Amino acid sequence: MEGIERILLEQPLFRGLEARIGALIAGCARNVRFRSGEEIFREADPADEFYLLRQGRVALEIIEAGRAPARFSTLGPGAILGASWLVPPYRWTFDARALEPIRAIGIDARCLRAKCEADHDLGYELLKRVAAALIQRLHATRLQMLDVYGNRPA
Amino acid sequence: MRILKLRPAAQHALAMSVPPIGLKAVITPQGLQSLVGELSARGYTVIGPTVREGAIVYEEVTGVEALPRGWTDRQDAASYRLERRSDSALFGYAVGPHSWKRFLHPPVERLWQMGREAPFVDPPPASPKFAFLGVRPCELHAIAIQDRVLLGGAYRDAGYERRRRESVIIAVNCSEAGGTCFCVSMGSGPSVERGFDLALTELIREPHEFLVQTGSALGEELLAWIPQREAEPEDVAAAVAVSAATASRMGRTLETEGLKALLQDNPEHPRWDDVAQRCLTCGNCTMVCPTCFCTTVEDHTDLAAGLAVRERKWDSCFTLEFSYVHGGSVRKQARSRYRQWMTHKLANWIDQFGTSGCVGCGRCITWCPAAIDITAEAAAIRATAPARQVGVDGRD
Amino acid sequence: MSAAVGSDPLVPQPYRVTRALRETADTVTLDLEPHRGEVPQFAPGQFNMLYAFGVGEIAISLSGDPADRKRFIHTVRAVGAVSSAIAAMPAGSTVGLRGPFGVAWPLAVAEGADVLLIAGGLGLAPLRPAIHQLIVQRERFRRIIVLVGMRRPEEILYRTQLEQWREQAGIEIEVTVDRSDPAWRGHVGVVPSLIPGLGLDGAATSALICGPEIMMRFTANALRECGVAVERTYVSMERSMKCAVGSCGHCQFGPYFVCKDGPVMRLDRIARLLALREI
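Chains as they are written, first to last, in the working numbering: chain A, 76 to 229; chain B, 15 to 410; chain C, 7 to 285.
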């Protein structure tokens, strides 16, 4: 497990993390790969594993009957893929598809949630960091929503 | 852009460099009449103060008889009326709603006219040469300020330059301080220093005379045509006393120390909301202010004749359209527009042109229908502003 | 910053539309050649006042190659009466032009280091001349990075040229769109989200940003978080423009006249103003 712990602590999300906490998280982590074009997760599936992207880009999409999938975000190296694993009902909200060959760290969400219940220091440290990443994404999403390049009325 | 440091109020430099105050003489009202005659003979349109519809305005005058002999003005916030004096002073009042900018930087000016096929530019209609009779010290400073705005940058306004070059200035030192005057606070009066051709100080006693000082070669030349006597030390002393007395009776004061930082540092001061409750955004202040220079352009077409004309007109930052960009106006609220005007006049102007934009003439106070007083607003902000923080963007 | 020698900067000169290229549903790029003489020299970031006879005048950034002395190129979006009239002008028609005016992108300050250009929507138009000039002087800079944000893939301005530059010119170009369908193989998301992935050497980077004000603010924040100094970040401001020579007062932004102290402005000087409402 030493190798994955080291890789984990190199991720932007976990930079500066205390070794003890890092080891706990690493215990739920594994290396994963996806092929270009492969579906990583699908809307409504159980959010059992989330990912820290190391290489390659992933597209987030939402499907609508009769229309091509609407792609509203692409994520690249350093990004955390998946947020719905954190909150009930622990099911994916969108589709994620690999746009390129992907190397990532997969983290078992059930494993990590259980450890967080048992060890609140781990829980707080994890949530602090995930919250920061999600808030940044929320801000970016709001900017995206403003459609500033569109022809906006006064 | 360079951010220019605030100069001491007493050192307002004027754009046109002229020799310092020179020869002195004493003339009578008849002498003044012959000065007007000489100017007319030389082809000048003499503009001077005259009473019209209850105010003293600037219009063409043909002689001394048109001047407001024996009149004075009572001015306060939102209040102006004329009153009879007990003497026959010709210049015994402060300033009215007009300023000399209506002649030098006119309210409407045709910039060009062109045809669709072969654009041509008509030369601008020739404007008369002006002789301004009765220019007050604050007004001289205002003219110098507009010189800096319209001639001091990379672009020089050709029309303004020509009108300015061709005009003669007969200044008058004030013997009355108006109820809204604060030229002493702004270092712009109540006596002239430079930028004129001749300067008069009215000595209202028996005999009724004027001390005349020359300020230019043209002034000296004009003075040679006027019947005069030599100025005695008593005459000079009397003139100095007139100015000193006027200086001691200012209707208002404006504390200028730290004023620039005060306004630029407090864009969210609650006083702006307070004044916005009263301000009608009518723009009177910008129309009567002798330094306000903002204009807009209007394109008119006579499509049948295939002609397009562009006119430049006075504009006011108080209008909603003034700050319009695609999507809407930047300054939608009255609060923002009043803040813009006052901050520009007393603070931003210093960054832009090196001096305050205000000369303390008091017109904006007198002619505001809501009785808003720029000196009171500045004092109110000063009284309740938080302590200054270190500037973060190199403004000072 | 002068108009054609001998011409009054207040009087429009006649220019012929030699080409009108439709870019998107509401955006057109016009090539303009003077009826007489050469085009004046311009610097990237400057703008002209374009006059539609009988309609009015608007400020439009120059978006062509400064080395091209035959023509001015302007990309115009139809949003009001004047811009719609100009955008509708066919080849052969005449438009009035005054300029060029304004402060240019300070490319020289980035020499020897990295330069990052960030364009949002039509903001790419005033940055394109800078890209031309940077490519000509390629050896004077280390990394040249261009980030472009557009609404949708079909609305990407100068798309073919961007792809050519990416292939041939040795500069890094990343394009992102706000929304797309899977036919688009590139980034989807806002422009600031591309910045962390660049691996910037913040201390050695100068940034030029142009786009809607909201986008410029968000982008500036993201740059600061990557260590790019505000003293080396430049934005292009927009305000109501009438005379373009600093004497009508309309374009004031705090103490600055956008027409002559801008439109390109250094961020540290105006950061405080950008945060104020209705200033």
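Cβ coordinates follow ideal geometry from the N, Cα and C atoms, glycine included.
Remember, predicted model here, so these are calculated numbers, not experimental data.
If you follow the beta strand (DSSP E) that PRO135 (chain C) is part of, which residue opens it and which one closes it?
-> No beta strand (DSSP E) contains PRO135 (chain C), which is instead part of the alpha helix (DSSP H) from 130-142.
Taking HIS314 (chain B) and VAL302 (chain B) to be in contact with their CB atoms under 8 Å, please state how far apart those CB atoms are, rounded to whole angstroms.
-> Not quite, the Cβ-Cβ distance comes to about 27 Å (not below 8 Å), so this is no contact.
Evaluate the contact criterion for the segment 229-242 of chain B versus the segment 111-130 of chain B: three or more CB pairs, one atom per stretch, below 8 Å.
-> Flag = no, the segment 229-242 of chain B and the segment 111-130 of chain B do not touch.
Buried or exposed: where does TYR199 (chain A) fall if 16 or more other Cβ atoms within 10 Å of its Cβ makes it buried?
-> TYR199 (chain A) comes out exposed.
Looking only at its own chain, which residues have a Cβ that is under 7 Å from the Cβ of ARG345 (chain B), when we skip the five neighbours before and after it?
-> Contacts found: SER337, ARG351, GLN354.
At least 3 beta-carbon pairs within less than 8 Å: the segment 136-147 of chain C vs the segment 92-104 of chain C | No: fewer than three Cβ pairs fall under 8 Å.
Taking Cβ positions only, does HIS222 (chain B) come closer than 8 Å to chain C?
-> HIS222 (chain B) does not count as touching chain C.
ALA173 (chain A) to ASN106 (chain A) span [Cα, whole Å] = Annotation: ALA173 (chain A) to ASN106 (chain A) spans about 16 Å, alpha carbon to alpha carbon.
Leaving out five residues on either side along the sequence, give the residues of the same chain with a beta carbon under 6 Å from the beta carbon of ARG25 (chain C).
-> Cβ within range, chain order: ASP37, ALA97.
In chain C, which residues lie with their C-beta within 7 Å of the C-beta of PHE147 (chain A)?
-> What PHE147 (chain A) touches in chain C: ARG185, VAL194.
Give the single residue among B:VAL311, B:GLY62, B:ASP329, B:VAL40 whose Cα lies nearest to the Cα of VAL17 (chain C).
-> Nearest C-alpha to VAL17 (chain C) among B:VAL311, B:GLY62, B:ASP329, B:VAL40: B:VAL311.
Which residues in chain B sit within 9 Å of ARG245 (chain C), going by Cβ to Cβ distance?
-> By Cβ distance, chain B contributes SER337, VAL339, VAL344.
Where the segment 148-165 of chain C meets chain A: residues whose CB sits under 8 Å from a CB there | So the close ones are GLY155, MET156, ARG157, GLU161.
Drop a sphere of 10 angstroms on the beta-carbon of MET220 (chain A), count the other beta-carbons inside from all chains shown, and report buried for 16 or more, exposed for fewer.
-> With fewer than 16 other Cβ atoms inside 10 Å of its own Cβ, MET220 (chain A) counts as exposed.
Reducing DSSP to helix, strand and coil, say where ARG28 (chain C) ends up.
-> If DSSP states are grouped into helix, strand and coil, ARG28 (chain C) belongs with the strands.
Okay, do the segment 201-209 of chain C and the segment 240-259 of chain C touch, 3+ Cβ pairs below 8 Å being the bar?
-> Contact between the segment 201-209 of chain C and the segment 240-259 of chain C is not established, with fewer than three Cβ pairs separated by less than 8 Å.
Ordered along the chain, which non-local residues of its own chain (more than five positions away) have a Cβ less than 8 Å from that of ILE395 (chain B)?
-> Cβ neighbours of ILE395 (chain B) beyond the five flanking positions: LEU276, LEU277, ASN280, HIS283, ARG285.
For ALA168 (chain B) versus LEU273 (chain B), is the C-beta distance shorter than 8 Å?
-> The criterion of a C-beta distance shorter than 8 Å is not satisfied by ALA168 (chain B) and LEU273 (chain B).
Beta-carbon neighbours of VAL223 (chain A), restricted to chain C and to distances below 8 Å = What VAL223 (chain A) touches in chain C: GLY126, GLY127, GLY217, PRO218, ILE220, MET221.
Cα-Cα separation, ALA290 (chain B) to CYS296 (chain B) | Counting only the Cα atoms, CYS296 (chain B) lies some 12 Å from ALA290 (chain B).
For GLY141 (chain A) and chain C, any beta-carbon pair shorter than 8 Å?
-> Not an interface residue.
Taking three-plus beta-carbon pairs below 8 Å as touching, is the segment 147-166 of chain B in contact with the segment 199-213 of chain B?
-> The segment 147-166 of chain B, when compared against the segment 199-213 of chain B, does touch it at the 8 Å Cβ threshold.
By Cβ distance below 7 Å, which residues in the same chain neighbour VAL61 (chain C) in space, the five residues on each side in sequence not counted?
-> For VAL61 (chain C), where only same-chain residues beyond five positions count, the Cβ hits under 7 Å are ALA87, VAL88, ALA91.
Endpoints, the beta strand (DSSP E) within which SER90 (chain C) is located = Careful: SER90 (chain C) lies outside any beta strand (DSSP E), inside the alpha helix (DSSP H) at 87-93.
Would you mind telling me which residues of chain B sit closer than 7 Å to VAL251 (chain C), beta carbon to beta carbon, in chain order?
-> Neighbours of VAL251 (chain C) across chain B, judged by C-beta separation under 7 Å: TYR169.
Minimum Cβ-Cβ distance from PRO144 (chain A) to chain C less than 8 Å = Closer than 8 Å to some Cβ of chain C, the Cβ of PRO144 (chain A) qualifies, so yes.
Evaluate GLN167 (chain C) with the Cβ neighbour count: other Cβ atoms within 10 Å of its Cβ, from every protein chain shown; 16 or more gives buried, anything less gives exposed.
-> Exposed: under 16 other Cβ atoms inside 10 Å.
With a threshold of 16 other CB atoms inside 10 Å of the CB of PRO15 (chain C), please say whether the residue is buried or exposed.
-> Here PRO15 (chain C) is buried, its C-beta having at least 16 other C-beta atoms within 10 Å.
Can you have a look at LEU130 (chain C) and say buried or exposed, based on whether 16 or more other CB atoms are within 10 angstroms of its CB?
-> Buried is the call here.
Whole alpha helix (DSSP H) elements within the segment 141-213 of chain A, 4-residue minimum | Here the runs fully enclosed are 184-193.
Taking only runs that begin and end inside the segment 319-385 of chain B, name each unbroken alpha helix (DSSP H) of 4 or more residues, in chain order.
-> 348-357, 363-367, 377-380, all fully within the segment 319-385 of chain B.
Exposed or buried, which one is ASP120 (chain A) when buried takes at least 16 other CB atoms within 10 Å?
-> Answer is exposed; the Cβ neighbour count stays below 16.
Just the C-alpha distance for ARG158 (chain C) and TRP171 (chain C), rounded to the nearest angstrom, thanks.
-> When the Cα atoms are used, ARG158 (chain C) and TRP171 (chain C) turn out to be separated by approximately 20 Å.
Would a check of beta-carbon distances place ASP365 (chain B) closer than 8 Å to chain C?
-> For ASP365 (chain B), the nearest beta carbon of chain C is closer than 8 Å to its own beta carbon.
For SER199 (chain C), which residues in chain A fall below 7 Å Cβ to Cβ?
-> Within 7 Å Cβ-Cβ: ALA215.
Examine chain B for any beta-carbon lying closer than 8 Å to the beta-carbon of VAL85 (chain C), and answer yes or no.
-> Taking 8 Å as the threshold, the shortest C-beta distance from VAL85 (chain C) to chain B falls below it.
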